[in-house]
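Chains as they are written, first to last, in the working numbering: chain B, 380 to 666; chain X, 710 to 1226.
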């Protein structure tokens, strides 16, 4: 037991030292840190209330008073983006957590148990994969009703197949390894084998997939909000901000530019960070 | 350059050109094309082209002139109206227009037991004639081209009512043939014939070459629905549509600078309002309704979302261009402190939760419904009222508000006949606070107002009537069933090559005199 723990520590240590040399990963990490920091401390950083309208000051271009300008209701775009960071990150983490939990359970049971259960689960997953992600999400939203929490659920459900397939594939490659056979020979219960011996070995690909998954979850949730299905006004959600300001594109481009940039930068940050994690965690790069 | 100018001069000459297709860009699709069974302007705008009414309005005001009826007389007691009908008019299906056809239509509208009383709620008949059968006692065919109406009591706006687009004469044969599907297969006597309707996309009409008032100049008219105001404007700039209404204020400024576009202002005859459902708590309490009136800065809303010079802040349910407007009314000022105080008095010191219904389509009286709703939501929030914005597609929205399912709902009205009765009686009288077909979606039931409105219907002296409507303005102001938001002068933007388009104050106009270069 102790042996195993020590080994995993060295795995993380080695990964960290490799990460430090990964330039794009560092950039992604710094960007992520900035976003997470501003999400946590939005109250203290943002100069204005994100939903307080001030019709006299509407559509003001960026200035010292309003660094990102104001939108059609005179709300400070900078403050709205800061609060929007919180929403987008929450959506990203929660929907991925949802997908991860359900996906892991399904994938692990399918891979480990095999047989008819495996066939059943994987065919269901195939059916889900047959739909384009955003279309499936819209379908789920149509059932649940337009709300931010429902958008998280929809985006989470849509992401389940990814995790299920990765976990199942990894488990299939591990479950016949010698150390698993050894554990089985020692009479350890199957559940314990699954959680203590097999799943920890799937961690690396899951972490990578989850990090990249957050990026696509944020993008999908913003897409749903853009279509009016996600966050409802006056919530400062980036996709909703884009959608409600698009008619001013030609007259007040900053109302569209900054939310768009925010979405792009955050998604880029997660992608850079996720790619770097893959590079440092994937055994194929261990040479 | 010379050539261009030369073309321009020729093109602008007063000789109308025949042919061509006019593409009309608008914010929403029609609900039905059975004029009597709709209340929305986007349906009536189209049925106006397909059907004719007995009498009609002049092209730029609401003075009544002959249409399918060539002349009329009224008895001394104002109860019997006799109309001579136009001869030789044919419906699009080839059947003849005569007194029997007129009687068929009126019987269908006013008699709930009539076998052809189907296809909807016949809201407008109820609104204008006070129920089924309402004020009209009987319709009799005197001879093939003479029809007589006998009324229960004098009805001052009777003739103006008959000119309204909903009271258009449809082909009895077609109604019998299509039954419930008549709204998808409209057949009238109008200048344009119905060709096709792609739901949510477009309606195509073609010229009726045998129109009794002369064939239209245009070959075809296509009504396209493009819900997004700026997308619609971009289509106009790109030239894929010829004409659009409901324009964002910013786009109006841009259109002014575009040498290929012209801005035509529609004379104002409308009101945009926020109705509070008095059948529901807490809106039964006058203090709550007043609080909401005080909580909203209407001036800022109008400037931000209606555009400079395109609308005025409203204080009465009728626009100032209409007689009976009471200019002595002092509007509730923007005073959030007072609003909070009133809420406290009413027993809601911490406000309350409610829903705010936002219209799904832009209309001339509310060109940016979603943004207006958001701004109002924010004002309400400032006094502690937590309003969730709700919206449905247009047909559902209208039906649900008529059923009284809303708490607070945005809506508006474009006058149909230039008579204050058409605003007050339809929108605020208790007769029209009937669940299922309500015109009065505040469900405001005032006996005091009802008495005044009925009295104003029965007398014909205009000055006397104006006084009554001024009084009505006072009562509505006092009871505050609405937050009355704005009266607009809605802009229509068209290509310069479109000629003779004359927007009518009632919101729909005939297009058979319009021509294109």
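Beta carbons: idealized from backbone N, C-alpha and C, even for Gly.
Contact list for residue i against chain B, beta-carbon separation under 8 Å
i	result
residue 934 of chain X	Within chain B, no residue comes near residue 934 of chain X; the closest Cβ sits about 17 Å away, beyond 8 Å.
residue 1084 of chain X	432, 434 and 452
residue 1080 of chain X	451, 452 and 623
residue 1009 of chain X	434 and 435
residue 1087 of chain X	430, 431, 432, 452 and 613
Cβ separation of residue i and residue j, assumed to be a contact under 8 Å, to the nearest whole Å
i	j	result
residue 830 of chain X	residue 1146 of chain X	4 Å
residue 660 of chain X	residue 815 of chain X	With chain X running from 710 to 1226 in the structure shown, residue 660 of chain X is simply not present.
residue 631 of chain B	residue 443 of chain B	Not confirmed; about 18 Å, so no contact.
residue 1104 of chain X	residue 740 of chain X	5 Å
residue 1144 of chain X	residue 1113 of chain X	5 Å
residue 912 of chain X	residue 798 of chain X	Between residue 798 of chain X and residue 912 of chain X the Cβ distance is about 23 Å, and since that is not below 8 Å, they are no contact.
residue 1165 of chain X	residue 1153 of chain X	In fact, because the Cβ distance is near 17 Å, the residues do not count as touching under 8 Å.
residue 659 of chain B	residue 589 of chain B	Going by Cβ atoms, the distance from residue 659 of chain B to residue 589 of chain B rounds to 15 Å, so no, they are not a contact pair.
residue 742 of chain X	residue 903 of chain X	7 Å
Simplified DSSP assignment, three categories, for residue i
i	result
residue 1187 of chain X	helix
residue 1060 of chain X	coil
residue 1104 of chain X	helix
residue 576 of chain B	helix
residue 652 of chain B	helix
residue 765 of chain X	strand
residue 1166 of chain X	helix
residue 490 of chain B	helix
residue 861 of chain X	coil
residue 920 of chain X	coil
residue 816 of chain X	helix
residue 1092 of chain X	coil
residue 1210 of chain X	coil
residue 714 of chain X	Note on residue 714 of chain X: pLDDT 43, under 50, position unreliable in the model; no value is reported.
residue 1117 of chain X	strand
residue 830 of chain X	coil
residue 594 of chain B	helix
residue 638 of chain B	helix
residue 792 of chain X	strand
residue 734 of chain X	strand
residue 399 of chain B	helix
residue 1159 of chain X	helix
residue 778 of chain X	strand
residue 934 of chain X	strand
residue 1220 of chain X	coil
residue 666 of chain B	Reliability of the predicted coordinates at residue 666 of chain B is poor, the pLDDT of 41 falling under 50, and the value obtained from them is presented with this limitation in mind. Coil, per DSSP.
residue 495 of chain B	helix
residue 444 of chain B	coil
Chain-ordered neighbours of residue i on chain X, where CB pairs are closer than 8 Å
i	result
residue 638 of chain B	Per Cβ cutoff of 8 Å: no residues; residue 638 of chain B is ~16 Å from chain X at best.
residue 491 of chain B	What residue 491 of chain B touches in chain X: nothing, since even the nearest Cβ is about 46 Å away.
Where residue i meets chain X, residues with beta-carbon distance less than 7 Å
i	result
residue 611 of chain B	1098
residue 439 of chain B	Under the 7 Å cutoff, chain X gives no residues; its nearest Cβ is about 13 Å from residue 439 of chain B.
residue 630 of chain B	959
Partner residues on chain B for residue i, Cβ-Cβ distance less than 7 Å
i	result
residue 1046 of chain X	Ordered by position in chain B, no residue passes the 7 Å Cβ test against residue 1046 of chain X, which lies about 17 Å from the chain.
residue 847 of chain X	Result: empty, since nearest Cβ-Cβ is about 51 Å, beyond 7 Å.
Within chain X, the residues that residue i reaches when beta carbons sit closer than 9 Å
i	result
residue 588 of chain B	Residues of chain X passing the Cβ test: none, with the nearest at roughly 36 Å.
residue 627 of chain B	939, 957 and 959
Touching or not, the stretch 790-808 of chain X and the stretch 890-902 of chain X, by the rule of three or more beta carbon pairs under 8 Å?
-> yes
Counting Cβ pairs closer than 8 Å, one from the stretch 453-460 of chain B and one from the stretch 422-433 of chain B, do we hit at least three?
-> yes
Is the number of C-beta pairs between the stretch 1167-1187 of chain X and the stretch 981-991 of chain X that are closer than 8 Å three or more?
-> no
For the 8 Å Cβ check, are there 3 or more pairs between the stretch 1201-1220 of chain X and the stretch 965-976 of chain X?
-> yes
Tell me, please, whether the stretch 832-841 of chain X touches the stretch 901-912 of chain X by the rule of three or more beta-carbon pairs shorter than 8 Å.
-> no
Residues of the stretch 444-472 of chain B with Cβ closer than 7 Å to any Cβ of chain X, in chain order | 451 and 452
Which of the residues in the stretch 411-435 of chain B, read from start to end, lie with their CB under 8 Å from any CB of chain X?
-> 430, 431, 432, 434 and 435
Taking three-plus beta-carbon pairs below 8 Å as touching, is the stretch 913-927 of chain X in contact with the stretch 593-606 of chain B?
-> no
Anything in the stretch 939-959 of chain X with a Cβ closer than 8 Å to a Cβ of chain B? List those residues in chain order, please.
-> 939, 957 and 959
If we count Cβ pairs, one from each stretch, closer than 8 Å, do we get three or more for the stretch 1173-1188 of chain X versus the stretch 728-735 of chain X?
-> no
Okay, do the stretch 543-554 of chain B and the stretch 487-498 of chain B touch, 3+ Cβ pairs below 8 Å being the bar?
-> yes
Should the stretch 409-420 of chain B be regarded as contacting the stretch 648-656 of chain B, the criterion being three or more beta carbon pairs within less than 8 Å?
-> yes
State whether the stretch 780-797 of chain X contacts the stretch 927-947 of chain X, with contact taken as three or more CB pairs (one from each stretch) at a distance under 8 Å.
-> no
What residues in the stretch 1009-1034 of chain X bring their beta carbon closer than 9 Å to a beta carbon of chain B?
-> 1009, 1010, 1012, 1013 and 1014
Do the stretch 744-759 of chain X and the stretch 865-872 of chain X make contact, defined as three or more Cβ pairs closer than 8 Å?
-> no
Are the stretch 444-451 of chain B and the stretch 604-615 of chain B touching by the rule of at least three beta carbon pairs closer than 8 Å?
-> no
Three or more beta-carbon pairs under 8 Å between the stretch 1080-1093 of chain X and the stretch 946-959 of chain X, yes or no?
-> no
Evaluate contact between the stretch 461-475 of chain B and the stretch 1041-1057 of chain X, counting only Cβ atoms and requiring at least three cross-stretch pairs below 8 Å.
-> no
Evaluate contact between the stretch 565-573 of chain B and the stretch 512-522 of chain B, counting only Cβ atoms and requiring at least three cross-stretch pairs below 8 Å.
-> no
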